[in-house]
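Below you'll find the structure, written out as structure tokens, and then a few comments.
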Amino acid sequence: MTQIISRQDLLSWLERLIGERIVIAPAQSNGLVLFQRVSRAEDIVLDFDNTVLSPKESFLPLSEVLFTVAKENGDIKLMPATVAEEMVLFGLHPCDAKGMAVIDQPLLAAPADDLYQQHRARTTLIGLACSQAGPECFCTSMGTAPDDPSNLDILLTRVNDSYIVQATTEKGKALLPSDLIAQSEVTAPPPPSPQAVPTEGIVEVMRGAFESPYWSRLADRCLHCNLCAYVCPTCYCFDIRDYVDEGGIERVRSWESCQSPGFTRLAGGYDPRPTKGARLRQRFYHKLSYFPEHFGHLGCVGCGRCVRYCPVNIDIREIINDIQKLGAQSEC
Amino acid sequence: MQEGLTQQIREKARELLTSAAVDCIIGYERASDGLTARPLFAYEPNDVDKLIFDQTCTHNLSRFLVDKRDSTVAIVAKPCDSRAVNLLLAEKQIQRERVYVIGVVCPGIVEATWGQINDRLQARCQLCREHTPPMYDFLVGEPTAEEPPVEPYHDVAELEAKSVAERQSFWAEQFARCIRCYACRQACPGCYCTECFVEQLDPQWVGIRVAPAENEFWHIIRAFHLAGRCIACNECERACPVNIPLSLLNRKLEKDVLELFAFRSGLSAEALLPLATFKKEERLGMGE
């Protein structure tokens, strides 16, 4: 027996949740599907390929005040930012849930990033299994799958006009609307099969490819914008700046990326990654070498956003193939 | 016809690389979706068979000339792209003898995103006035008679007709989506500053905060820095992941410069740029 909820009841449940807490869900905005705060369940888009931006924005906002410093009666007070309100993030696909699990590793390892931890703790993740794979998708090569419930609190899988409900955590179970859920004999349809990418052994092969001229040739066409990093569910770098005015100081962090020219420029002007090739290489070494060496799995989840949106078609799937070939050649 | 263009480009490229007249050809190859195009840097005669030209070749490759200014390169240039080459020459960013321009008579570029082609011409191509490049060293394709577009600024005029408050709220809504990835800047052949004002620390013109005031500041200054310089290739808008209609801003300024100075950027490498030129007899129009 499986638990199911009808499409109509799902919307009623979401309407109920919107009344109780912040609900972030995919919704239309100028022809794009983006995760945003919704105030009506009817605005939520249930069938979509993938949002333009990943849901990481809900946990690591584009910009966020870390703390404020103010003068009060001659004293200087430092007030850390806090986030308290309960939140539901609805509609993320398993690749994006895996993306959150990837970012958790550096940001929740002690000493944890306090604000990120608060955002994560207050949020329940309700995911949607994918009913089809886009031409850019390759999640099954990156340790997750279109129907993977493992990094979510609840996974919904569409079957005709209903959804199979799988609550995998206590947090998820606590949120389920028992009055709207029925028991059923239905089984989930087989998940779609995204394209496979040869990731096996890539970490070892990457070790030998660092000095290859491949990277500078690839970087010829790279524009060195931050687009790939900003649409990516696993990129988590940021910059910090203080905003000072008469009222006090705000310390703000905003997304930043290894592709931007000033990212590694040090005081005095020295830059350990001064060339386009060195910067582009860093992106792929972080995901396919440094991250797995530290944390035991690849730092890419195969959502395909960078493949789809890169203005000059720098395609990580192609790079993995090319590096495997380079590795095979050097063994001969 | 387009297979003919590809063949002619390949032959010229092979000749230039074989004779070592250039170090590299900047052209187009098929993208990883098997449908659209992407930039190709061909260094060896063996690479030239990857070169293509068709109606998906949207990129303005002149954007790469500043990166390659220490080499001698050949570039495949559509008419709009060759206007950007003129702009870079007029602004002394590249040396004429180091750039060999393979101009292409342009059939117009279709709307496409990765993995998807729409057969409709891009809006900028529907408004095109030059199907033959204004400058080139070698021309591919047969020039045809030009028909000037009807009402090229109709959408700009619609926006101009709105009240200040309406325009403000329109742009506030558009800029609110900006994630400040700077893909618009990086795709632009006219944005070649070694350090962009937005990243300068001393003085700090605009902070890193992604918020309405900072986003608006970024977009206004970006557009103004391109006033009288933008050649309307619209690569900025194409690169934008969140569909901000940058062409509206760019073309508003293009229209103003056309009306005030009777000037369109990039038609000649010798032209004086109106906003970078001071003439003693010019009056500032501020009651002097």
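Protein sequences appear in the order of chains A and B.
Start counting the first sequence at 237; every next residue gets the next number (this note's numbering).
Start counting the second sequence at 68; every next residue gets the next number (this note's numbering).
Ideal Cβ positions, reconstructed from N, Cα and C, are used throughout, including at glycine.
- The residue from A:Gln264, A:Arg276 and A:Gln239 with its alpha-carbon nearest to that of Glu256 of chain A is A:Arg276.
- Taking every protein chain shown into account, the CB of Asn317 of chain B has 16 or more other CB atoms within 10 angstroms, so this residue is buried.
- Inclusion of Val269 of chain A and Val288 of chain A in the CB contact set at 8 Å is warranted, their separation being smaller than that value.
- In this structure Ala141 of chain B touches Ala80 of chain B by the C-beta definition: roughly 7 Å separates them, less than 8 Å.
- In this structure, the CA atom of Asp222 of chain B is about 51 Å from the CA atom of Val439 of chain A.
- Interface annotation for the segment 295-328 of chain A against chain B: Leu298 and Ser299, criterion Cβ-Cβ distance under 7 Å.
- Val488, Ser490 and Gly498: these are the residues of the segment 485-502 of chain A whose beta carbon lies less than 7 Å from some beta carbon of chain B, given in chain order.
- Taking a contact as a CB-CB distance under 8 Å, the pair Leu84 of chain B and Pro112 of chain B counts as one, their CB atoms being some 5 Å apart.
- Under the DSSP assignment, Phe303 of chain A falls outside any alpha helix (DSSP H), being part of the beta strand (DSSP E) whose first and last residues are Ser299 to Glu308.
- Classified as exposed, Leu502 of chain A has fewer than 16 neighbouring CB atoms from the shown chains inside 10 Å of its CB.
- Chain-ordered, the chain A residues with CB closer than 9 Å to the CB of His126 of chain B read Arg457, Pro547 and Val548.
- A distance below 6 Å between beta-carbons, with the five flanking residues on each side excluded, links Cys471 of chain A to the following residues of its chain, in chain order: Ala465.
- Here Phe242 of chain B has Asn282, Glu283 and His286 as same chain residues with Cβ atoms under 6 Å from its own Cβ, once five neighbours each way along the sequence are excluded.
- For Arg358 of chain A, the three-state secondary structure derived from DSSP is coil.
- Nearest CB-CB separation between Tyr352 of chain A and chain B: not below the 8 Å threshold.
- Taking CB atoms only, Val309 of chain B has a neighbour in chain A less than 8 Å away.
- Checking the DSSP bridge columns, you'll see Trp491 of chain A partnered with A:Phe474.
- Restricted to the segment 310-345 of chain A, the alpha helix (DSSP H) segments that are unbroken, complete and at least 4 residues in length are 330-344, listed in chain order.
- At least one C-beta of chain B is nearer than 8 Å to the C-beta of Leu268 of chain A.
- Contact of Val133 of chain B with chain A by beta-carbon distance below 7 Å is absent, the smallest such distance being about 12 Å.
- In this structure, His530 of chain A keeps its C-beta atom at 8 Å or more from the C-beta atom of Pro497 of chain A.
- With respect to Leu328 of chain A, Gly363 of chain A sits close: the two C-beta atoms are nearer than 8 Å.
- Glu96 of chain B is bridged by DSSP to B:Arg105.
- For Leu411 of chain A, no Cβ of chain B is located within less than 8 Å of the residue's own Cβ.
- Of all residues in the segment 466-482 of chain A, only Tyr466, Val467, Asp475, Arg477 and Tyr479 place a beta-carbon less than 7 Å from a beta-carbon of chain B.
- In this structure, the alpha-carbon of Gln560 of chain A lies about 7 Å from that of Val441 of chain A.
- Across the segment 274-297 of chain B, CB contacts with chain A closer than 8 Å involve Gly274, Ile275, Arg276, Val277 and Ala278, in sequence order along the chain.
- Non-local C-beta neighbours of Gly505 of chain A in its own chain, meaning closer than 8 Å and more than five positions away in sequence, are absent.
- With respect to the C-alpha of Ile280 of chain A, the residue from A:Ser398, A:Gly437 and A:Glu251 having the closest C-alpha is A:Glu251.
- Distances from the CA of Leu416 of chain A to each of A:Arg457, A:Pro426, A:Asp389 and A:Ser398 were compared; the closest alpha carbon is that of A:Ser398.
- DSSP places Gln272 of chain A in the strand class (E or B) of the three-state scheme.
- Unbroken beta strand (DSSP E) stretches of 3 residues or longer found wholly inside the segment 423-478 of chain A: none.
- Contact between Tyr259 of chain B and Val133 of chain B holds, since their C-beta atoms are separated by about 5 Å, short of 8 Å.
- A direct Cα-to-Cα measurement between Trp491 of chain A and Ala239 of chain B gives close to 21 Å.
- Contacts with chain A at 8 Å (Cβ-Cβ) do not include Gln193 of chain B.
- The beta carbon of Asp383 of chain A sits closer than 8 Å to those of Pro330, Ala365, Cys366, Leu391, Thr393, Ala424 and Pro427, all from its chain and outside the five residues before and after it, given in chain order.
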